[in-house]
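Residue numbers (the numbering used here): 91 to 366. For every residue, glycine included, the Cβ atom is placed at its ideal position computed from N, Cα and C. These figures come from a predicted structure and were not determined experimentally. A short worksheet on the structure shown next.
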Ligand SMILES: NC(=O)c1ccc[n+]([C@@H]2O[C@H](COP(=O)([O-])OP(=O)(O)OC[C@H]3O[C@@H](n4cnc5c(N)ncnc54)[C@H](O)[C@@H]3O)[C@@H](O)[C@H]2O)c1
């Protein structure tokens with residue numbers, strides 16, 4: 091799809107990182123924006139950055155896990171902008187800890203945001219998107235929606251779920267002859283606050299959390315701005331699968347070559363990288 095002054099774009103989780111960079115990049119393209127986040131203060135700063143580029147921006151304090159609040163958000167967007175063409179379900183959180191360390195409550199919390207947040211966005215905005223002659227849904231998964239990274243079981247499960255949901259949705263749209271395009275995004279490491287804001291699993295030792303943050307900050311090479319640029323290019327080209335960063339590209343290739351046993355190759359590499 092085209093992105094210009096006639097485009098109305100919705101971005102969730104726009105107060106930080108990739109979401110903020112996407113809002114600014116879309117504003118550069120002239121899009122009118124409805125941005126949301128749980129963090130109203132940081133969201134206002136995104137609105138200031140995007141608004142400085144001369145586009146109308148509305149801000150909405152929304153928890154994507156809250157079904158009723160998400161339904162009200164859709165109504166607010168329609169009232170303020172008259173509809174929407176581009177929906178980017180970006181809001182997400184991380185949770186560290188092995189399967190035996192994470193509590194069921196921690197896993198439910200993560201799924202309520204990373205998986206249900208995406209489902210709420212798609213389900214509740216779909217009737218609005220269906221009114222347009224061209225529209226696009228973009229769901230942010232992760233490279234951990236392609237490979238099963240140990241120490242991140244719940245996060246990996248949520249991101250595989252986003253990928254599965256999005257791919258099936260795309261096929262439904264194709265079969266229905268719908269003008270709605272659907273992309274799933276798999277970023278590799280992007281330098282954002284995500285690791286530092288991650289919730290440590292109740293039973294996960296704090297030492298591994300500090301190591302986790304350090305490892306992430308060393309490994310994440312892509313800037314949020316470069317990630318946003320790549321995602322927007324993918325939207326303009328109608329790419330089904332948008333890989334962000336050379337790490338994502340390489341890991342996806344390895345998973346394709348060794349679809350089941352890729353960890354035999356990656357395991358020793360990651361073990362060396364993540365030594366305490
Ligand atoms: N940074 C990476 O390396 C990386 C890699 C792969 C995928 N991702 C995905 O990219 C997306 C953006 O992450 P980021 O790295 O920019 O992280 P970030 O922590 O910088 O930004 C995430 C934003 O989501 C918001 N948020 C958290 N919970 C929310 C909720 N319940 N409702 C609404 N907003 C909420 C936060 O307040 C924050 O502003 C996430 O879905 C993440 O899983 C990130």
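Whole angstroms is fine: what's the gap from residue 363's alpha carbon to residue 308's? 9 Å
Could you give the C-beta distance for residue 334 and residue 325, rounded to a whole number, given that I count them as a contact under 8 Å? With 8 Å as the limit, residue 334 and residue 325 do not qualify as a contact, their Cβ atoms being about 12 Å apart.
Cβ pair count under 8 Å reaching 3, the stretch 116–126 against the stretch 92–103: yes
Name the DSSP bridge partner or partners of residue 229? 179 and 274
Heavy atom of ligand 1 less than 7 Å from the Cβ of residue 129, yes or no? yes
Look at residue 140 and residue 117 and say whether their C-beta atoms are less than 8 Å apart. yes
Quick check: what's the CA-CA separation for residue 259 versus residue 159? 23 Å
Tell me whether residue 212, by its Cβ, gets closer than 7 Å to a heavy atom of ligand 2. The model depicted lacks ligand 2 and carries ligand 1 instead.
Indicate the three-state DSSP secondary structure (helix, strand or coil) for residue 333 in the structure shown. strand
Scan the stretch 303–354 and note each continuous alpha helix (DSSP H) run of 4 residues or more that stays entirely inside, going in chain order. 314–326 and 336–347
Starting from residue 290, follow its DSSP beta bridges and name the residues at the other end. 186
Check whether the Cβ atoms of residue 203 and residue 154 lie closer than 8 Å to each other. yes
Whose CA, out of 299, 336, 306 and 94, lies closest to the CA of residue 175? 94
Excluding the 5 residues flanking residue 147 on each side, which residues of the same chain have their C-beta closer than 6 Å to its C-beta? 123, 137, 140 and 141
Neighbourhood of residue 352 by C-beta distance below 7 Å, restricted to the same chain and skipping five residues each side: 237, 344 and 345
Sorry if obvious, but does the Cβ on residue 153 come closer than 7 Å to a heavy atom of ligand 1? yes
List the endpoints of the continuous beta strand (DSSP E) containing residue 126. 122–127
I'd like to know whether the C-beta atoms of residue 208 and residue 252 end up nearer to each other than 8 Å. yes
Is the beta carbon of residue 338 closer than 8 Å to that of residue 276? yes
If we ignore side chains and look at the alpha-carbon of each, how far apart do residue 165 and residue 289 end up? 31 Å
Do you know offhand how far residue 171's Cα is from residue 355's? 50 Å
Please state the DSSP three-state secondary structure of residue 203. helix
Nearest neighbour of residue 210, chosen from 221, 222 and 227 [CA to CA]: 227
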